[in-house]
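Note sheet for the following structure.
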Ligand SMILES: C[S@@+](CC[C@H](N)C(=O)[O-])C[C@H]1O[C@@H](n2cnc3c(N)ncnc32)[C@H](O)[C@@H]1O
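Residue numbers (the numbering used here): 1 to 463.
What follows is the structure in structure tokens.
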């Protein structure tokens, strides 16, 4: 089993029947050599596949023929669906996507007693928007050494290969116009694209953020040069200002060798410092680097569900601690229902945003601390919390953070998870010694057309 075996079967064809989906939206079939990860397949339906690239995790397989096509199959809206790594589930209707994610969640967390007893009660809430929901997109410019230019998203599973996109149906429609103008400018002008192998070339990334409510777009050009070194950039900016609803344009000089979007040297070249987004009746300033949930209508569903779960328990009021608070969104959304809110995040800029957001919403009951949760030393302020929100990054909570969370002794913990693979391990820790029990779990499909999911778990202190 493993890489050597995968190498032997590369380019071969075989008939396979995938049994389940994984979090990347691929369909998994066990094979004698290891695992086949089939894109664009249907669970429990046999298909003929051609094997492609492989890694330790498995060998990628592309279906060429299906034994049958299920009723829940849909015609993908996007012409780039098969090659682009942005979406993986456009060939399946939204109800079935949600059901597949729910099943995967239940099997991922199958060790939890709550799941064993109440799996039927765990519901998944659909996103209001099936397409055109993302308020943030990161596109890549690239240029081959022989001159060919590319602009779009990464090819499925291939980090350095870019699929040229004419259109993207995942982001808000107000971003499409900006995308098209920048793309045409890139291909028609003499400006070069970055080459990740030689580290030469100018244009690296286009990061777009948009506010669904105000309908305006924040444009970030990430370049391997200074502003003045980009040919015809002024003309492009004038065109964008004239033809699109632009809130701001940032120029980011990024000379680092890493392919990630790094905000090394940031200049605001036009417009407002922040994009303004609204969730219910609260307004938020979104900085280029800030974390902000990417599905604008989904975030309202998610936060409203958190509030409803707490309300059902009579847990509103009192003191709320918002761990991993980012720009303070969850605490501020809930601020009318609590006397005191303390938010903690490791990113100092995020904490500055949170303070500004609290001020913008005229709140006087919030305090923020810029620190890693696991490094908090002075914790006396955090004691006697009524509710502790925990919304960690994909890696989950550090062991020291988990110890602190248990020590704080809050009456309720709300665990918001974007990575269900780290959730169970974290929850088992909180449930140890029967101090807490799970009261409810809700799933929210914040990311239609992809394998991702957001979950909310409410824990109550019982000892
Ligand atoms: C999933 S985001 C949640 C943000 C916010 N709750 C929201 O809904 O917009 C995770 C946040 O955790 C922060 N973070 C990551 N590791 C951290 C740590 N060790 N201590 C504190 N904050 C951390 C990140 O800066 C990010 O803002």
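Even glycine gets a Cβ: it sits at the ideal position worked out from N, Cα and C. All values derive from a computational prediction rather than experimental measurement.
Using beta carbons (cut-off 8 Å, strictly below), is residue i in contact with chain D?
| i | result |
| --- | --- |
| residue 39 | Of the protein chains in the structure, only one exists, and it is not chain D. |
One question on the structure: do residue i and residue j come within less than 8 Å of each other, judged by their Cβ atoms?
| i | j | result |
| --- | --- | --- |
| residue 269 | residue 301 | no |
| residue 342 | residue 391 | no |
| residue 374 | residue 404 | yes |
| residue 458 | residue 414 | yes |
| residue 78 | residue 90 | yes |
| residue 150 | residue 164 | yes |
| residue 283 | residue 361 | yes |
| residue 23 | residue 371 | no |
| residue 387 | residue 411 | yes |
| residue 61 | residue 16 | yes |
| residue 204 | residue 171 | no |
| residue 355 | residue 340 | no |
| residue 189 | residue 232 | yes |
| residue 433 | residue 409 | no |
| residue 40 | residue 75 | no |
| residue 213 | residue 277 | yes |
| residue 70 | residue 38 | no |
| residue 444 | residue 305 | yes |
| residue 230 | residue 167 | no |
Does ligand 1 have a heavy atom nearer than 7 Å to the CB of residue i?
| i | result |
| --- | --- |
| residue 345 | yes |
| residue 392 | yes |
| residue 374 | yes |
| residue 396 | no |
| residue 330 | yes |
| residue 97 | no |
| residue 324 | yes |
| residue 338 | no |
| residue 300 | no |
| residue 293 | yes |
| residue 350 | yes |
| residue 109 | no |
| residue 327 | yes |
| residue 78 | no |
| residue 47 | no |
| residue 244 | no |
| residue 223 | no |
| residue 418 | yes |
Determine which residues share a DSSP beta bridge with residue i and list them.
| i | result |
| --- | --- |
| residue 250 | 220 and 268 |
| residue 401 | None; residue 401 has no bridge partner. |
| residue 465 | In the structure displayed, the chain extends from 1 to 463; residue 465 sits before or after that span and is not available. |
| residue 171 | 134 |
| residue 62 | 50 |
| residue 28 | 20 and 37 |
| residue 141 | 151 |
| residue 237 | According to DSSP, residue 237 bridges with nothing at all. |
| residue 438 | 459 |
| residue 205 | 140 and 222 |
| residue 262 | None, per the DSSP bridge assignment. |
| residue 255 | Answer is none; residue 255 lacks a bridge partner. |
| residue 163 | 153 |
| residue 181 | Beta-bridge pairing links residue 181 to no other residue. |
| residue 210 | 217 |
| residue 195 | 200 |
| residue 279 | 282 |
| residue 230 | Paired residues: none, contrary to the question. |
Which whole-angstrom value is the C-beta distance of residue i and residue j, which I expect to be below 8 Å?
| i | j | result |
| --- | --- | --- |
| residue 174 | residue 245 | 6 Å |
| residue 104 | residue 20 | 7 Å |
| residue 292 | residue 327 | 6 Å |
| residue 202 | residue 261 | Going by Cβ atoms, the distance from residue 202 to residue 261 rounds to 15 Å, so no, they are not a contact pair. |
| residue 145 | residue 224 | Not quite, the Cβ-Cβ distance comes to about 15 Å (not below 8 Å), so this is no contact. |
| residue 26 | residue 64 | About 16 Å; that fails the 8 Å criterion. |
| residue 338 | residue 314 | In fact, because the Cβ distance is near 13 Å, the residues do not count as touching under 8 Å. |
| residue 178 | residue 240 | 6 Å |
| residue 466 | residue 351 | As shown, the chain starts at 1 and ends at 463. That puts residue 466 outside it, with no answer to give. |
| residue 125 | residue 142 | Their Cβ separation, rounded to whole angstroms, is 38 Å, which puts residue 125 and residue 142 out of contact at 8 Å. |
| residue 309 | residue 456 | 7 Å |
| residue 247 | residue 198 | At roughly 35 Å, the Cβ-Cβ gap does not stay under 8 Å, so residue 247 and residue 198 are not in contact. |
Tell me whether residue i, by its Cβ, gets closer than 7 Å to a heavy atom of ligand 2.
| i | result |
| --- | --- |
| residue 340 | Summarising the ligand content, the structure contains ligand 1 and does not contain ligand 2. |
> If you scan the segment 284 to 328 from start to end, which runs of the alpha helix (DSSP H) of 4 or more residues do you find wholly inside it?
Replying inline: 296 to 312
>> As an exercise, report each continuous alpha helix (DSSP H) stretch of at least 4 residues that is fully enclosed by the segment 54 to 120, in chain order.
In response: 94 to 108 and 113 to 118
> What beta strand (DSSP E) runs, 3 residues minimum, are completely inside the segment 324 to 360?
Replying inline: 340 to 345
> Which ranges does the alpha helix (DSSP H) cover as unbroken runs of at least 4 residues, wholly within the segment 362 to 430, from first to last along the chain?
Replying inline: 399 to 408
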